[in-house]
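See below for the structure under consideration.
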Amino acid sequence: MSKIRMTTPLVEMDGDEMTRILWQKIKDILILPHVELKTEYYDLGLKNREATKDKVTVEGAEAIKKYGVGVKCATITPNAQRVTEYNLSTMWKSPNGTIRSMLDGTVFRAPILAKGIKVLIPSWTKPITIARHAYGDVYSGVEAYVEGPGKAEFVLPDGTRKTIFDFKSAGIIQTMHNTDASIRSFARSCMNYALDVKKDLWFSTKDTISKIYDHRFKDIFREIYETEYKEKFEKAGIEYFYTLIDDAVARVVKSSGGMIWACKNYDGDVMSDMVATAFGSLAMMTSVLVSPDGKYEYEAAHGTVTRHYYKYLNGEETSTNSMATIFAWTGALRKRAQLDGLKDLEDFADRLEKASIDTIESGVMTKDLVGIFDGKATAVNSEDFLKAIAERL
Ligand SMILES: NC(=O)c1ccc[n+]([C@@H]2O[C@H](COP(=O)([O-])OP(=O)(O)OC[C@H]3O[C@@H](n4cnc5c(N)ncnc54)[C@H](O)[C@@H]3O)[C@@H](O)[C@H]2O)c1
Numbered sequence: 002m003s004k005i006r007m008t009t010p011l012v013e014m015d016g017d018e019m020t021r022i023l024w025q026k027i028k029d030i031l032i033l034p035h036v037e038l039k040t041e042y043y044d045l046g047l048k049n050r051e052a053t054k055d056k057v058t059v060e061g062a063e064a065i066k067k068y069g070v071g072v073k074c075a076t077i078t079p080n081a082q083r084v085t086e087y088n089l090s091t092m093w094k095s096p097n098g099t100i101r102s103m104l105d106g107t108v109f110r111a112p113i114l115a116k117g118i119k120v121l122i123p124s125w126t127k128p129i130t131i132a133r134h135a136y137g138d139v140y141s142g143v144e145a146y147v148e149g150p151g152k153a154e155f156v157l158p159d160g161t162r163k164t165i166f167d168f169k170s171a172g173i174i175q176t177m178h179n180t181d182a183s184i185r186s187f188a189r190s191c192m193n194y195a196l197d198v199k200k201d202l203w204f205s206t207k208d209t210i211s212k213i214y215d216h217r218f219k220d221i222f223r224e225i226y227e228t229e230y231k232e233k234f235e236k237a238g239i240e241y242f243y244t245l246i247d248d249a250v251a252r253v254v255k256s257s258g259g260m261i262w263a264c265k266n267y268d269g270d271v272m273s274d275m276v277a278t279a280f281g282s283l284a285m286m287t288s289v290l291v292s293p294d295g296k297y298e299y300e301a302a303h304g305t306v307t308r309h310y311y312k313y314l315n316g317e318e319t320s321t322n323s324m325a326t327i328f329a330w331t332g333a334l335r336k337r338a339q340l341d342g343l344k345d346l347e348d349f350a351d352r353l354e355k356a357s358i359d360t361i362e363s364g365v366m367t368k369d370l371v372g373i374f375d376g377k378a379t380a381v382n383s384e385d386f387l388k389a390i391a392e393r394l
């Protein structure tokens with residue numbers, strides 16, 4: 002049987018620990034037998050980031066800018082313990098942070114649904130995608146503890162002073178910022194992605210309380226929608242819907258799912274964990290970074306599964322869930338196929354996703370899912386799970 006051909010390289014970013022082991026197995030067992038894989042390979046494993054002084058991360062991100070589509074394995078974000086473990090010359094920055102800032106992208110996280118995997122909110126029959134604005138707000142806030150009485154102010158670039166609070170006794174202050182440019186990029190990324198996957202876009206802030214800050218988000222989204230996207234959305238039969246964050250929470254909980262929910266930075270941080278937990282497992286969450294000019298980087302939402310890696314190094318059997326990493330590959334291959342007009346590659350991505358979900362639905366799965374599966378479940382090891390998918394494929 003001849004293999005499916007590709008025309009443009011996919012940017013492949015390898016990573017660390019257990020997910021690096023799975024990465025190679027996914028390619029060997031599920032992809033390479035069917036696809037003449039054409040990738041431009043960047044090794045973002047921590048050893049190579051150290052060897053290249055982290056240049057490889059920047060080169061990988063540049064390659065995504067050039068080709069448009071990348072797939073990334075989970076990587077270690079070094080902390081003090083990793084600096085010792087890997088004998089690092091410095092505590093390299095998070096690769097995801099570097100790539101995100103270079104692409105100016107928004108991260109969309111969506112769960113993979115399989116019948117039998119218990120969803121804690123039974124009405125959620127369709128996946129909910131969270132789009133988190135990954136810039137500013139409290140994540141780059143400036144805080145202070147005020148010890149005694151006195152007036153705290155902030156000063157604007159034009160010299161205007163505003164009173165934050167006239168303290169009578171000790172207290173705390175937090176200031177934060179965002180930029181029109183970043184909010185615009187966020188809005189465009191969300192609207193492009195909604196058109197891409199043909200799903201309604203919801204956006205929520207607390208503009209009734211935050212009449213300048215949150216209101217600015219609301220106004221920018223509205224302006225960009227009206228001037229650039231309204232017609233496209235109507236043509237695609239999808240809707241842009243704005244509401245207050247508290248109303249959005251109530252509506253989402255009562256909904257059947259299926260929407261993209263754009264959230265400010267903190268709301269997205271909180272809501273993505275709520276959604277991931279309610280849908281079952283972190284190991285079943287996919288993640289895609291989309292830039293406002295339509296560049297895509299696909300990955301799993303989880304980390305490198307360190308605990309399993311140490312077992313693997315000890316020669317012990319592991320049962321690590323590869324679903325989100327498989328879906329990172331299928332997402333990237335499908336996008337590449339759509340951009341290059343390769344119908345057989347697009348079909349392959351669909352078939353691989355179906356074979357993966359069918360395998361779980363038939364009762365064959367990794368250990369993490371057994372406890373949340375409604376039915377007779379057989380736990381298999383990391384490799385046997387991939388082989389079971391390959392058989393169906
Ligand atoms: N996107 C990324 O590259 C990314 C994201 C998060 C963490 N990390 C890195 O991953 C490393 C480990 O971090 P962590 O332990 O906080 O996160 P993790 O996602 O690796 O693990 C968190 C928990 O979920 C379980 N889990 C996660 N994925 C699983 C899977 N596929 N199958 C079975 N169980 C799974 C783990 O066993 C663990 O109990 C750290 O070095 C961190 O920097 C990377």
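When we follow this note's numbering, the leftmost residue of the sequence shown carries the number 2, and every step to the right adds one. Note that the Cβ used here is the ideal one computed from N, Cα and C, for glycine as well. The model shown is predicted, which means the values in this text are computed figures rather than measured ones.
Remark: the C-beta of Thr85 is outside contact range of ligand 1, defined as less than 6 Å to any heavy atom. Cβ neighbours of Thr40 within its own chain (closer than 6 Å, five residues either side excluded): Pro10, Leu11 and Glu13.
Spatial neighbours of Lys163 in its own chain (CB-CB distance under 7 Å, excluding positions within 5 residues in sequence) are listed in chain order as Glu154 and Phe155. In this structure Phe328 does not touch Ile5 by the C-beta definition: roughly 18 Å separates them, more than the 8 Å allowed.
Under DSSP, the beta-bridge partners assigned to Ala145 are Ile174. Between Glu318 and Asn382 a beta carbon distance of about 5 Å is seen, short of the 8 Å cut, so the two are scored as contacting. Taking all protein chains in view, the Cβ of Leu104 is crowded by 16 or more other Cβ atoms within 10 Å, so the residue is classified as buried. Cβ atoms of Ser292 and Ser190 come within 8 Å of each other, at about 7 Å. Out of Arg352, Asp138, Ser288 and Ala389, the CA that lies nearest to the CA of Gly304 is found in Ser288.
In this structure, Arg308 has its CB closer than 6 Å to one or more heavy atoms of ligand 1. The C-alpha of Lys28 is placed about 19 Å away from the C-alpha of Thr367. In this structure, the beta-carbon distance from Ile113 to Met285 falls below 7 Å. Three or more Cβ pairs closer than 8 Å define a contact, and the region 295-309 meets that threshold against the region 14-23. Here Ile32 has Leu38 and Trp330 as same chain residues with Cβ atoms under 7 Å from its own Cβ, once five neighbours each way along the sequence are excluded.
Two segments are said to touch when three or more pairs of C-beta atoms, one from each, lie closer than 8 Å; by this definition the region 255-275 does not touch the region 94-103. In the DSSP assignment, Asp105 falls outside any beta strand (DSSP E) and carries neither an H nor an E. Cα atoms of Asp274 and Phe109: separation of roughly 13 Å, rounded to the nearest angstrom. If you look at Val84, you'll find it in the alpha helix (DSSP H) that goes Ala81 to Glu86. Asp201 sits in coil when the DSSP states are folded into three classes, being neither helix nor strand. Going by beta carbons, Gly332 and Tyr299 fall inside the 7 Å limit.
For Trp125, the secondary structure class from DSSP, reduced to helix, strand or coil, is coil. Beta bridge pairing from DSSP links Gly258 with Lys127. Here the C-alpha atom of Glu354 lies approximately 40 Å from the C-alpha atom of His216. Rounded to whole angstroms, Ser102 and Ser363 show a C-alpha spacing of 41 Å.
The beta carbons of Asp55 and Trp93 sit closer together than 7 Å. DSSP places Thr367 in the coil class of the three-state scheme, outside both helix and strand. Residue pairing for Pro293: DSSP places it in no beta bridge. Not one heavy atom of ligand 1 is found less than 6 Å from the C-beta of Ile113.
Gly117 sits close to Asp375, with the two beta carbons spaced by under 7 Å. Rounded to whole angstroms, Ser3 and Arg352 show a C-alpha spacing of 17 Å. Per DSSP, reduced to three states, the secondary structure at Glu60 is helical.
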